[in-house]
Structures are given as structure tokens and as C-alpha cells.
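A.B. asks: Throughout the sequence shown, residue numbering follows the working numbering, covering 124 to 736 in sequence.
I have a structure here, written as C-alpha cells, and I will follow up with some questions on it.
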Amino acid sequence: MDFKGSQAPQSPPENTFPYASLPATSTIRVLTLHSGAPSEPLVGTLTHELLPTSQPYEAISYVWGSDTRCSALHLTDAQTGKSGTLPLTQSIHDALVRLRPRDETRRLWADQVCINQDDITERGQQVRLMDVIYQSASHVLVWLGSDEHGHAQEAKDMILHLDQVFRDETRHATFKRKHSLELGHRDAARWVPLSKLTQQPWFTRIWIVQEIGTSTPSTLHWGPHVTIPWALLSRVADVLNTSYHLLRTRFSIFTPNIRYLDARFVEPATPYGEDYNRGSFIYELHRARHLRTKDPRDHVYAFLGHFSRKVGTAGLKAIEVDYNRTIDHVFTDVARRGLEGAKTLIVLSAVHGVLARNRTNRSRRKPLNVPSWVPDWRVLPLHLIGSPECPHRAAGNTLPSLEIDDHVLKIKGRRVDVVARAWWTFFGQAFQIRDDAEALKDRKDPFEILWKDLTGRDTLDTEDQYLTGESKLFALMQTLANGCVGINRTKGTVTLEENLAHVAAYLIKAGLEAKMSEQLVGMAAGGDPYRWSHEATLVTRYRRFGLTEKGYYLLAPDTLRQGDEIVILDGGKTPFVLRPGQDGTYELGGECYVHGLMNGEGTGADEVIFSIV
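Right, here's the structure in full:
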């Protein structure tokens, strides 16, 4: 059977179905899909039902795909008795054909059918209900696609196999030993189906966060026959993501998104606040920047049902879905609401290298006409240095002191230094460990290059003193890894000895043992090279190393340049980069890590009111 497009007509069907208006904001439409064989036309009935519905329904999660309407659903409105044809995209057509029973009806909810997409007001009202719709469903049915290349069954078999291995301590230990060593290309074929599964477009769609992230049971459907329980996939992906970095990298198995998606909208049972990552609405917007949407406003609207809005500012709690507003208006409004009355400056930390003079060159997207203090949620994220859970307190115990007047952010802070030099931008896998000996021969490690540039020496040791009194090597290691706060998240901070052991082990693994002092080589005992490597690679990606006039090391967005000012803003967990303008105003470059200024050391400087445009 040719499953994909089995009944798609040659020309786009005409839309003849008359939607009846929904009587209340808490009313949804539910599709009762009639039974039929795969080759038969799709037929269904729409009913208006108040949430929570009296009868169970299942909600479909899928990728909309092309807007071209190439198929049709014959619909009857149970309220009015009127019938007509509703044009469908190929994706939802294939999903309905796959999910339609042979001998009975099935109650479903799918946005393309159950929302009048031509009514912009209704769209906004239904988007407000989206999290409730998926939470109230008896089951979430994920449609991954038609499995054109026949990978689905092998992917499922591999997931089942891995789950069995990971649940058995003896088998898992054997598997881990084998797959922690260098992996040969001969192993690649067996991992292809799982790799293809994790690369399905569904995993990168922004709306799926609330569709799959509730406590509602979910099942993935791929092709005409294969089903995979979400709980099973999530369990396996969590182990792969935690313990098998080399395997995932070598065979392109993208599990971080699966780990990110799991239970994202499930509110913790214990009390939480904005110092908890997922308790910050702005942090949730930041974490989802890598996901895709055709409408950039959905970077905000797709998260209005998230529990973090309960503990945010009063302004954030009051955001409403309104598709009549421009992207500029929506993004600026969120930033303003996230700043006014806030206890932190996470909104400013979420501004990532989008100074006005750089915006056009950074992206093919149409540049936004917004102030520099407004995050562009379309821009791929940097790792957040000042995340809610991190221990940094650059501004001490101060709270933000600011006002916003006609798009100008006036904020109290202190000028602490000026950028004297900006090095290169780190790209991709700057500090990722290579296990290929041939690749190591001709590769200079960026740590080695920076060290020689800063000290003028080849030998890696702890002799040179940083301006805080500690060794320059320790200061450099900390700067490149955000103070190493992510290496041991359970403690928040780690000891000097642990940090040095990890970086020394990394330097040996990077092939630099011959250039290390005997003392530093000895420090590597017990160190894990991958822990520092992973953190440094994560933190430095698309950031630039710099040196201030006073001699501080810093890591900042890649727009950093000589003459930029380093400031401490009241309420900020980190210092920030400001670029002076011609009229006494500033543009915000973003947050930065400055070694020696992350724990209130700069709060003694004179207070200044900065006007950021």
C-alpha cells in the first residue's frame, strides 16, 4: 500500500465548510472521525464542547508542513447540521488516515480542523486554551510522518534493545565499556534508524513543547504501523544524553531535544520561585529559541500556558494572545513586562549579540525595529551565563532600579572597566575532545593559543598570577567555563582542586602533556577531561574572549569590541557589555563573565544611571 498521499487529489480542493462560531471562550471543537479504509475519503463530524469535555478525546501533535492544501475532509457541523469540504495539508491528511479506525469512530482534536484558521480572533482565543486542550486529552497522538525510507521499525527495535540494556546493571556496564572507547565507522549502520528518528522535524517545532510536555500519556506514530511510547523514548534518550556524548556525536543521535521536551509543562509538586530555572518565564522563552515556528510571535504565545507565569511579574501574568500585534510589539512588550517590577535582570541576560549595527548581518531574517534591551527570540541562544539557578551575584544583593520611558531603559548601575582587546569568536565545538590521534597532530587547542597570547610562554603551569591573586591558568579555565558552575550542578560551586583536576585532565587529553609543568600533570589525577570540555564548549559557543584595561579576563557575546564598557547593573547576576553612543546613550551587547567581578566585587564604584536605547 502506498501510505503517503494515498487519497490526495490532483488539484487543491475548494473550501466549502461553514464553521459555526464558538459560543464561549472555554469551548472547543472535537472531531469525531468516521471509520474507513486507508483508500477511502476522510469523513467526520464537529461538535462544540466545553472544557473539560464530558467524553474523552485524543489530541494530535504533528508538523504542519507546507501550507499547500492538497487533500480534503468531508465535515458536518453537529450544531448546525451544515456540511462541506475542508481542505487539508498533506501532513494532517496522512495523520488522520493513519489514526482512523477501520470499524468505529474516534474522537480527536487537531488544530487544523478544530480551529477556524481564517478567523484571527478565534485563533487567538483557542491558542490561550492550548495547554488545557492537551492536558485534558486522554492521550496525545504524535504523528512523525510517513517513514518514506523504512527506518521506523529498526529505530523502535533499537530503542527497546537499549531500554533492556540500560535496565540491567551487568549488561549496561558491558555496553558502556564498549561504547566509551573509540567507535568505528563499521558501527554506523546500526545507529542510522535511531539517528533518523531523532532528526524528524517534529522534534524542532515550538508548539510541541506544551503538546508533549504535559502529564498526558503520549505515543509516537511513524509510518503505517510503528508506534513508540513517549515514556520509553524519553527514558532511553535520558541515559544516552547523560552518559554517551561520544556515541551521540559520532552517529548524529540528537537526544538533548527529547530530554528538554519531557514534562516541560508539568508543574513541580514542591514550592518554587524564579530562582528555579523552569520557574522563570523568560528562561523558558530563552530555552526554546532553537525551536522553529512560521510565526515568530509564537516564540511567546506558545508558552503562555507555562506554570512559570504564576511566579513572574504582574506584567508577564497579564500577557494576552493577539495576532493583530506586530512581532516588534510582542517582543518589546514581553521585555518591558519582564523588567518592570522584576527581581532579576534575566531579560537583559537573554539579549545575545544583537547590537543594532550588527543585526542585519547576523541573520537573513528581517531585522527587528526594537531597542537593544529587547531579546530577539528568533536568534539562536547562547548558553545563559546568568541563569536563575547559577550562584553568580555580580551586583551583590541589590534589586533592579529602572524605568522605561518611550523605549529608553534608564537603569542604575556602575561602570567598572573598559574592553582593551577582543579576541576571536569561538565556534561550534571549540573545546570538544577529539579521540582521533591524526586530527590532534595538526590541531592547536584554543586554550593553548590563548595561554601563549596572554602570558607569552609555551609552558602551561600555575606560576603566573592573575590580578585577584590566583593563578592565571585557573582564571582562564574559570572564564572559559562560566566559573565552572555547571560542572557540578548539585553543589553550585566546586573546589579549586576539582576544577584544576578536570582542566589538567582535559589538557592531557588534548595532547598538551609535553607542555604542562610536572605539578600540573600531577593535578590531573582523578580529573574528568570531558566535564570541563563539555562545559567550556557549551559556554564559549559564539562568544568572544576579551581583556579589560584593568586586566580582567572576560567572555562576552561575539559583538564585543575594543572600547565597549563593562558595567554592573543593580539586580544583575552578571556584568553586562554596553556600547557608548554619540548622545550619551548606550546599546546593550549582552551579559558577560568577568573573572573577579562575579560576586559583588564591583559594587563599590560610583552609581550611574545608564540610558539604554
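We put the beta carbon where it would ideally sit given N, CA and C, even for glycine.
Computed from a predicted model, the values in this text were never measured in an experiment.
Are the CB atoms of Leu363 and Gln323 nearer to each other than 7 Å?
C.D. replies: In the sequence shown, residue 363 corresponds to position 240, counting from 1. In the sequence shown, residue 323 corresponds to position 200, counting from 1. No. Outside cutoff.
A.B. asks: Would the beta-carbon of Gln248 fall within 7 Å of that of Thr148?
C.D. replies: The residue you call residue 248 lines up with position 125 of the sequence shown. The residue you call residue 148 lines up with position 25 of the sequence shown. A contact, by the Cβ cut-off of 7 Å.
A.B. asks: Indicate whether the contact test is met: 3 or more Cβ pairs, each with one atom in the stretch 308 to 319 and one in the stretch 243 to 259, closer than 8 Å.
C.D. replies: The stretch 308 to 319 is not in contact with the stretch 243 to 259.
A.B. asks: Roughly how many whole angstroms lie between the Cα atoms of Pro175 and Val497?
C.D. replies: Sequence index remark: in the sequence shown, residue 175 carries index 52 (1-based). Sequence index remark: in the sequence shown, residue 497 carries index 374 (1-based). Whole-angstrom Cα-Cα distance: 37 Å.
A.B. asks: For Asp361, does the three-state DSSP call read helix, strand or coil?
C.D. replies: Residue 361 sits at position 238 when you count from the first residue of the sequence shown. If DSSP states are grouped into helix, strand and coil, Asp361 belongs with the helices.
A.B. asks: Out of Pro523, Asp398, Ala465, Trp232, which one is the CA nearest neighbour of Lys440?
C.D. replies: As a first step, residue 440 must be located in the sequence shown, where it is residue number 317. That would be Ala465, whose Cα lies nearest to the Cα of Lys440.
A.B. asks: So for Ala479, helix, strand or coil by DSSP?
C.D. replies: Within the sequence shown, the letter at position 356 stands for residue 479. Since pLDDT at Ala479 reaches only 41, below the 50 mark, its modelled position is unreliable, and the value read off the structure follows with that caveat. It is helical.
A.B. asks: Let's test the definition: count the other Cβ atoms within 10 Å of the Cβ of Leu198 and tell me whether it reaches 16, buried, or not, exposed.
C.D. replies: Looking up residue 198 in the sequence shown gives position 75. Buried, because 16 or more other Cβ atoms sit within 10 Å of the Cβ of Leu198.
A.B. asks: Inspect the beta-carbon positions of Pro511 and Ser431 and report whether they are closer than 7 Å.
C.D. replies: On the sequence shown, position 388 is the one that residue 511 refers to. On the sequence shown, position 308 is the one that residue 431 refers to. Not a contact, by the Cβ cut-off of 7 Å.
A.B. asks: Cβ atoms of Asp693 and Ser524: under 7 Å apart, would you say?
C.D. replies: As a working mapping, residue 524 is identified with position 401 in the sequence shown. As a working mapping, residue 693 is identified with position 570 in the sequence shown. Yes, the Cβ-Cβ distance between Ser524 and Asp693 is below 7 Å.
A.B. asks: Do the stretch 513 to 522 and the stretch 406 to 417 touch if we need at least three Cβ pairs shorter than 8 Å?
C.D. replies: Because the criterion of three Cβ pairs below 8 Å is not met, the stretch 513 to 522 and the stretch 406 to 417 do not touch.
A.B. asks: So the candidates are Arg420, Gly273, Ile151, Val542; which of them puts its Cα closest to the Cα of Thr170?
C.D. replies: Stepping through the sequence shown from its first residue, residue 170 is reached at position 47. The shortest C-alpha separation from Thr170 is found at Ile151.
A.B. asks: Got a sec, what are the start and stop residues for the alpha helix (DSSP H) Ile450 sits in?
C.D. replies: One-based indexing of the sequence shown puts residue 450 at position 327. Start and end: 450 to 462.
A.B. asks: Tell me whether Gly402 sits in a helix, a strand or coil according to DSSP, three-state version.
C.D. replies: In the sequence shown, residue 402 corresponds to position 279, counting from 1. DSSP places Gly402 in helix when its eight states are reduced to three.
A.B. asks: Across the stretch 637 to 656 and the stretch 581 to 597, are there enough close Cβ pairs to call them in contact, namely three or more that are closer than 8 Å?
C.D. replies: Output reads yes: the stretch 581 to 597 touches the stretch 637 to 656.
A.B. asks: Thinking C-beta only, is Thr228 closer than 7 Å to Thr155?
C.D. replies: Translated into the one-based positions of the sequence shown, residue 155 becomes position 32. Translated into the one-based positions of the sequence shown, residue 228 becomes position 105. It is a contact, given that the beta carbons lie within the stated cut-off.
A.B. asks: Would Arg192 pass as a contact of Pro164 if the rule is Cβ separation under 7 Å?
C.D. replies: Position 69 of the sequence shown, counting from 1, holds the residue named residue 192. Position 41 of the sequence shown, counting from 1, holds the residue named residue 164. No, Cβ-Cβ distance for Arg192 and Pro164 is not below 7 Å.
A.B. asks: Within 10 Å of its beta-carbon, does Asp729 have 16 or more other beta-carbons around it, so buried, or fewer, so exposed?
C.D. replies: The residue you call residue 729 lines up with position 606 of the sequence shown. Burial call: exposed.
A.B. asks: Quick check on this structure: which residue in Gly704, His718, Asp681, Gly686 has the alpha carbon closest to the alpha carbon of Pro698?
C.D. replies: Start at 1 with the first residue of the sequence shown, and residue 698 comes out as number 575. Per the Cα distances, His718.
A.B. asks: Going along the chain, which residues of its own chain have a beta-carbon closer than 7 Å to the beta-carbon of Gly669, five neighbours each way excluded?
C.D. replies: Position 546 of the sequence shown, counted from the start, is the residue given in the question as residue 669. Contacts found: Val542, Arg544, Ala545, Trp546, Leu677, Ala679, Leu683.
A.B. asks: Please name the residue, chosen from Met646, Asp499, Gly674, Gln601, that lies closest to Asp540 on a Cα-to-Cα basis.
C.D. replies: One-based indexing of the sequence shown puts residue 540 at position 417. Among Met646, Asp499, Gly674, Gln601, the Cα nearest to that of Asp540 is on Gly674.
A.B. asks: Take Val389 and list the residues in its own chain whose beta-carbon comes closer than 6 Å to its own, dropping the five residues that flank it on each side.
C.D. replies: If you number the sequence shown from 1, residue 389 lands on position 266. Cβ neighbours of Val389 beyond the five flanking positions: Ser338.
A.B. asks: Leu145: which of Thr168, Glu172, Asp254 sits nearest, CA to CA?
C.D. replies: Position 22 of the sequence shown, counting from 1, holds the residue named residue 145. Ranking the options by Cα distance to Leu145, first place goes to Glu172.
A.B. asks: Grab the span of the alpha helix (DSSP H) containing Leu623 for me, first residue to last.
C.D. replies: Here residue 623 is taken as the residue at index 500 of the sequence shown, counted from 1. It spans 619 to 632 - the alpha helix (DSSP H) in which Leu623 sits, taken as one unbroken run.
A.B. asks: Are the beta-carbon atoms belonging to Ile732 and Lys533 less than 7 Å from one another?
C.D. replies: Taking the first residue of the sequence shown as 1, we reach residue 732 at position 609. Taking the first residue of the sequence shown as 1, we reach residue 533 at position 410. Against a cut-off of 7 Å, the Cβ pair of Lys533 and Ile732 comes out as a contact.
A.B. asks: Can you check whether the CB of Ala633 is closer than 7 Å to the CB of Gly789?
C.D. replies: No statement about residue 789 is possible, as the shown extent of the chain runs from 124 to 736 and does not include it.
A.B. asks: With H, G and I counted as helix, E and B as strand and the rest as coil, what does DSSP make of Ala278?
C.D. replies: Numbered from its first residue, the sequence shown carries residue 278 at position 155. In this structure, Ala278 counts as helix in the three-state DSSP scheme.
A.B. asks: Within this structure, are the beta carbons of Gly723 and Gly519 separated by less than 7 Å?
C.D. replies: Taking the first residue of the sequence shown as 1, we reach residue 723 at position 600. Taking the first residue of the sequence shown as 1, we reach residue 519 at position 396. Their beta carbons are under 7 Å apart, which means Gly723 touches Gly519 by this criterion.
A.B. asks: Give me, in chain order, the residues of the same chain whose beta-carbon lies closer than 7 Å to that of Ile469; leave out the 5 immediate sequence neighbours on both sides.
C.D. replies: Position 346 of the sequence shown, counted from the start, is the residue given in the question as residue 469. So the list reads Ser403, Ile405, Tyr406, Gly509, Pro511, once near-sequence residues are dropped.
A.B. asks: Between which residues of its own chain and Glu463 is the CB-CB distance below 6 Å, once the five residues before and five after are set aside?
C.D. replies: For the purposes of this step, residue 463 is identified with residue 340 of the sequence shown, where counting begins at 1. Result list for Glu463: Gly438, in chain order.
A.B. asks: Is the Cβ-Cβ distance between Gln740 and Thr660 less than 7 Å?
C.D. replies: In this structure the chain extends from 124 to 736, so residue 740 is not present and cannot be described.
A.B. asks: By how many angstroms is the C-alpha of Ile183 removed from the C-alpha of Glu688?
C.D. replies: What you label residue 688 is simply residue 565 of the sequence shown in a count that begins at 1. What you label residue 183 is simply residue 60 of the sequence shown in a count that begins at 1. Taking the straight line from one Cα to the other gives about 50 Å.
A.B. asks: Tell me the start and end of each unbroken alpha helix (DSSP H) in the stretch 652 to 693 that is at least 4 residues and wholly inside, in chain order.
C.D. replies: If we require 4 residues or more, the alpha helix (DSSP H) runs fully inside the stretch 652 to 693 come out as 652 to 663.
A.B. asks: Please work out which residues of its chain come closer than 8 Å, Cβ to Cβ, to Thr671, disregarding the five sequence neighbours upstream and downstream, and give them in chain order.
C.D. replies: Taking the first residue of the sequence shown as position 1, residue 671 is located at position 548. If we look at Thr671 and ignore the five residues flanking it on each side, its Cβ neighbours are Asp540, Val541, Val542, Ala543, Leu677, Ile689, Val717.
A.B. asks: If we ignore side chains and look at the alpha-carbon of each, how far apart do His429 and Phe549 end up?
C.D. replies: Here the question's residue 429 lines up with position 306 in the sequence shown. Here the question's residue 549 lines up with position 426 in the sequence shown. Taking the straight line joining both Cα atoms gives about 33 Å.
A.B. asks: Let me check understanding here. Comparing Cα to Cα, which of Val166, Val153, Ala160 lies closest to Tyr180?
C.D. replies: Here residue 180 refers to the residue found at position 57 when the sequence shown is read from its first residue. Of the listed residues, the one whose Cα sits closest to Tyr180 is Val153.
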